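Each residue of the sequence shown is one higher than the one before, starting from 90 at the first, in our numbering.
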Amino acid sequence: MKGNAPTLARGVLVMAAILGVTAAAVLADALRTGVPLSRLAAFDASEARNLINAFSRAGNQLVAVVFTTVSIAVPLTANMYSLKFLEFFLKDRVNSGMLLLAATVALNTILVQYATKDDFVPMLALNVHFALLSLAFILLFPYLYYLFRFLHPNTLLERLAGECTHHLALAARSPNDLAEHRRHVSESFEHIANIAVRSVDRLDRNTAIESVHMLETLAGRYQGVKPRLPAAWFEAEKELFLSFSSAAVDEANASRSWVEMKLLSQLRQTLGSAVTRMHDVTSAVVKALRRFALAATVRSDPRLREL
């Protein structure tokens with residue numbers, strides 16, 4: 090996803106250049122035939138209605154392409170990996186902005202057509218609508234490329250890791266809303282492990298291994314921020330460990346190791362899914378566990394060594 094913004098910008102520039110060439114050709118024709126430039130932006134009622142009809146057809150095609158692509162690709166990808174994809178999609182400013190622009194173009198067509206009368210043509214609204222429609226088509230192909238890059242499973246892993254890191258940082262800065270931060274951190278681990286398990290089920294080796302590496306990365310990040318976390322952080326709710334006994338959760342809280350226990354349980358879940366199916370993923374999990382156990386912060390803590 091790091092290269093998405095420059096690629097999107099380049100795509101916008103290319104599409105804008107194509108539109109600029111067309112505009113230059115129209116301008117050249119007008120100058121060649123002696124038509125005043127002001128005439129190009131002025132319409133009577135009949136011309137305005139014809140133009141609005143053209144806008145309507147183009148806008149319908151735009152809305153169909155954008156919403157059909159989104160309605161098929163996004164739920165399909167979310168079903169394959171994690172429903173968290175839907176949340177990240179809606180929170181993404183580029184995605185929400187493009188959907189809003191397409192809907193605005195469709196609504197604006199109706200409003201302009203409604204306002205056009207035999208003795209009145211809303212010229213400003215008509216030109217604004219032309220600008221919106223042009224902008225939407227300039228953004229269309231770059232956005233589709235952005236969308237398909239967004240739907241890559243590594244994007245979900247990066248965003249889950251970013252969300253987890255964000256809540257750890259907030260918890261370290263302030264003791265407020267620790268329960269909410271704990272829930273988000275715990276769910277991030279679970280979603281990443283689910284991606285690994287689902288990838289193993291589909292024999293998607295690369296995504297499964299990347300998920301394991303992401304859990305290992307988060308383990309390292311947590312060890313870096315752990316000394317700055319307030320004491321209340323280590324009082325995890327039993328709801329975060331539905332498959333564990335109350336005694337096990339109490340012991341993890343007492344040893345200040347509930348996050349490590351959550352991480353290791355997710356790696357164990359991935360290992361159980363991969364051990365008879367994908368040896369590469371099994372090896373990745375075992376290596377991650379070994380590196381975690383040999384980390385200086387773990388070796389120096391007797392409670393973590395026991396865990």
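Cβ coordinates follow ideal geometry from the N, Cα and C atoms, glycine included. Bear in mind the structure is a predicted one, so any value in this text is a computation, not a measurement.
Distance from the CA of GLU276 to the CA of PRO316, rounded to the nearest whole angstrom, comes to 22 Å.
Closest in alpha carbon position to GLU269, among GLU324, LEU140 and GLU299, is GLU324. Contact annotation: LEU249 and HIS280 have beta-carbon atoms nearer than 8 Å. Sequence-distant partners of ASP207 (beyond 5 residues in either direction) whose C-beta falls short of 8 Å from its own C-beta, in its chain, are ALA134. Inclusion of VAL201 and ALA225 in the CB contact set at 8 Å is not warranted, their separation being larger than that value.
TYR234 and THR158 have their alpha carbons spaced roughly 11 Å apart. Shown here for SER185: same chain residues with a beta carbon closer than 8 Å to its own, the five before and five after excluded, namely LEU179 in chain order. When the alpha-carbon of MET212 is set against those of LEU140, LEU196, ALA192 and PRO164, the nearest one is in LEU140. Residue pairing of LYS206 in beta bridges, as defined by DSSP: PHE209. In this structure, DSSP gives PRO319 a state outside helix and strand, which the three-state scheme calls coil.
Ranked by how close their Cα comes to the Cα of PRO264, the residues SER332, THR198, ALA214 and TRP322 have TRP322 in first place.
No residue range can be given for ASN265, since it is assigned to no alpha helix (DSSP H) and is classified by DSSP as neither H nor E. By the C-beta density criterion, LEU246 is buried, having at least 16 other C-beta atoms within 10 angstroms. If you draw a 10 Å sphere on the C-beta of ARG99, you find fewer than 16 other C-beta atoms in it, and that means exposed.
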